[in-house]
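Just remember that this note's numbering sits 832 ahead of the position in the sequence shown, which is counted from 1.
Heads up, the beta-carbon is just placed ideally off N, CA and C, and yes, glycines get one too.
Read through the structure below, which is laid out as structure tokens, and then see the notes.
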Amino acid sequence: MGCVWVSAHLQADLTLRTVALFVHLASLVLGFGAVLVADYHGLLWMVGRCTLSDILVSTTRLHLPVWTGLAGLVVSGVILHPDLASPLTRTKLALVLLLTLNGLQTGLLSRRMEQGGPTSLPPRLLAWGATTAFISQVCWWGAVVIGFLNGQR
Ligand code: HEM
């Protein structure tokens, strides 16, 4: 009887872990996918293929998938039981915290860019935008690489 109980629970744990891992990866596609689209629009603007107001509008529309994806990653990540004793996992969580804070300050950045007029941006805002995109890319790719390395163990 005890064996049946234990095996039923092990099976439930395994199923929950598999579902959580799927949600984790689906959230990664949604969140990071939207971030990549936003940054791609930034690149198009830099080479003159779209206007500043185009990227401000598209970035605003991408907020929902970015934040939904990030929330899905955090919730499914908690269910996956991260090993908090591992320095790599701690680094990953620090990167997630940093990309969240970086994401929060983009609201202010967008407002400043909107106030600046439709065409050229002052160097200060350009540097702010480039730094924001750089921090975002480093944190997202860093978290992906650490997640991948942890999954290999
Ligand atoms: C930007 C956010 C994140 C990204 C890009 C990310 C990425 C990944 C990737 C690529 C994997 C490997 C999946 C596989 O093995 O196939 C993974 C696994 C995992 N992630 Fe995340 N993740 C993020 C956030 C989080 C958060 C916030 C937590 C915890 C609260 C977390 C906990 C885990 C756990 C526990 C695993 C299973 C491997 C392990 O034992 O570490 N992740 N993640």
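| query | result |
| --- | --- |
| Pull up the distance between the alpha-carbon of Ala870 and that of Leu936, whole angstroms please. | 15 Å |
| On the CB-based measure, 16 or more other CB atoms within 10 Å of its CB, does His856 come out buried or exposed? | buried |
| Should Thr921 be counted as a contact of the ligand HEM given a C-beta to heavy atom distance under 8 Å? | yes |
| The ligand HEM and Cys882: does the residue's C-beta get closer than 8 Å to at least one heavy atom of that ligand? | no |
| Can you tell me the Cβ-Cβ gap for Gly863 and Val898, rounded? I've got them flagged as a contact below 8 Å. | 5 Å |
| Is it buried or exposed, Leu933, if we count other Cβ atoms within 10 angstroms and call 16 or more buried? | exposed |
| With the cut-off set at 9 Å, would you say Leu981 and Leu920 are in Cβ contact? | yes |
| Ignore the nearest five residues each way along the sequence and tell me which others in Thr938's own chain have a CB closer than 8 Å to its CB. | Thr891, Thr964 |
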